[in-house]
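Have a look at the structure below before the remarks.
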Amino acid sequence: MMTRHRQSGASLLIALIMLIVVMLLGVTAARMSLMNEKSSRSDRDRQIAFEAAEAALRDAELDLSAGPDNSANGRGQMGAFPALPGRCNESGPFAGLCHAGKTPLWTTFNMLAPTPWVEYGRYSGQHFPYGAASLASRPPRYLIELIEVGKPSASISALQRLRITAIGFGSRESTQVILQSVYAIHAIHAAPDSPGKSPVRISWREIGNWQEI
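If you count the sequence shown from 1, position 30 lands on 130 in our numbering, and the numbers rise without skipping.
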């Protein structure tokens with residue numbers, strides 16, 4: 101009789117242990133599934149922000165390339181930028197154009213402030229869809245800094261190098277991606293067929309640690 105009770109008690113203990121193991125495995129699987137879902141949502145949101153920032157870079161380049169060939173007062177011209185380093189135009193037709201100083205100006209401004217950042221489409225006339233669940237929470241924005249002016253040659257005027265910094269937002273405003281490009285453009289062309297007429301992007305990078313700068 102005692103042997104039967106012992107066997108029954110041992111079987112019950114084993115069953116309880118197995119039940120606990122199954123429960124722990126279930127909880128672990130649920131947690132892993134939840135973590136994977138959160139990670140997937142975070143990755144999608146970051147991709148939305150990344151694509152928005154890249155769109156802002158292209159919009160800024162369109163903004164710059166539209167002026168020099170068509171207007172002496174275009175936003176890509178030398179006269180559109182502040183004469184003194186460390187200054188930014190915060191309003192008017194040349195808003196968002198800065199003359200870089202020793203410290204990159206984009207690091208000194210609040211990313212969410214209305215100025216001197218330029219919202220997507222302000223000067224290009226392009227439209228950026230936002231606000232829906234699968235779209236960016238707000239339009240991306242950019243800032244343009246004049247960082248270098250080369251010496252003019254016999255056929256081409258001074259070569260400007262411009263740093264464009266763009267910030268894109270995910271479906272959550274807290275998800276932000278910053279991209280930066282350096283853009284080369286000639287201030288004034290001597291002739292329509294001058295060499296190097298087309299403005300060009302000469303470098304690109306993502307700034308992953310921008311919050312620490």
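Note that beta-carbon positions come from the ideal geometry of N, C-alpha and C, so glycine has one too.
Return the bridge partner residues of residue i from the DSSP annotation.
i	result
Q276	F269
I264	I244, S281
L197	I244
R141	BP columns for R141 are empty, so no partner.
R146	For R146, which the question treats as bridged, DSSP gives no partner whatsoever.
H286	L259
R187	H199
Taking just the CA atoms, how far does residue j sit from residue i?
i	j	result
L248	A149	One detail in the question is off: residue 248 reads as Glu in this sequence, not Leu. E248 and A149: Cα-Cα distance of roughly 29 Å.
H199	L243	11 Å
F228	A156	9 Å
P299	A232	34 Å
H286	T265	20 Å
S133	I278	30 Å
P168	R272	Legend: pLDDT at P168 = 40, less than 50; position of this residue unreliable, value from coordinates given subsequently. In a straight line, the C-alpha of P168 is about 37 Å away from that of R272.
Y223	L125	57 Å
A213	R158	21 Å
A110	E312	60 Å
Q226	A236	16 Å
E306	P240	15 Å
G308	S140	19 Å
A316	Y230	Since the first residue of the chain shown is 101 and the last is 313, residue 316 is not available in this structure.
V122	W206	54 Å
E151	L184	33 Å
R318	L113	It is not possible to answer for residue 318, since the shown part of the chain is limited to 101 through 313.
G221	M135	37 Å
Would residue i be called buried (16 or more neighbouring beta carbons within 10 Å of its own) or exposed?
i	result
G174	buried
T275	buried
P295	Because P295 sits at a pLDDT of 45, beneath the cut-off of 50, its placement in the model cannot be relied upon, and the following sentence gives the value as read from the coordinates. Counting Cβ neighbours within 10 Å, P295 comes out exposed, since fewer than 16 surround it.
A129	exposed
V127	exposed
R301	exposed
S142	exposed
S165	buried
Beta-carbon separation of residue i and residue j under 9 Å?
i	j	result
G270	R146	yes
G179	G201	no
W304	S281	yes
P204	E161	no
S234	T215	no
G268	A153	yes
Find the nearest neighbour of residue i within the set the options, judged by alpha-carbon distance.
i	options	result
H163	R272, L113, G308, L197	Per the sequence shown, the amino acid found at residue 163 is Asp instead of His. Minimum Cα distance to D163 is reached at L197.
R261	A284, E312, R222	A284
M211	A183, F194, R238	R238
R263	G176, E151, V121	G176
P53	A183, L184, V218	In the structure displayed, the chain extends from 101 to 313; residue 53 sits before or after that span and is not available.
F209	L112, C188, A183	C188
Please report whether the beta-carbon of residue i lies at a distance below 9 Å from any beta-carbon of chain B.
i	result
A149	Absent from the structure is chain B; it holds one protein chain and no more.
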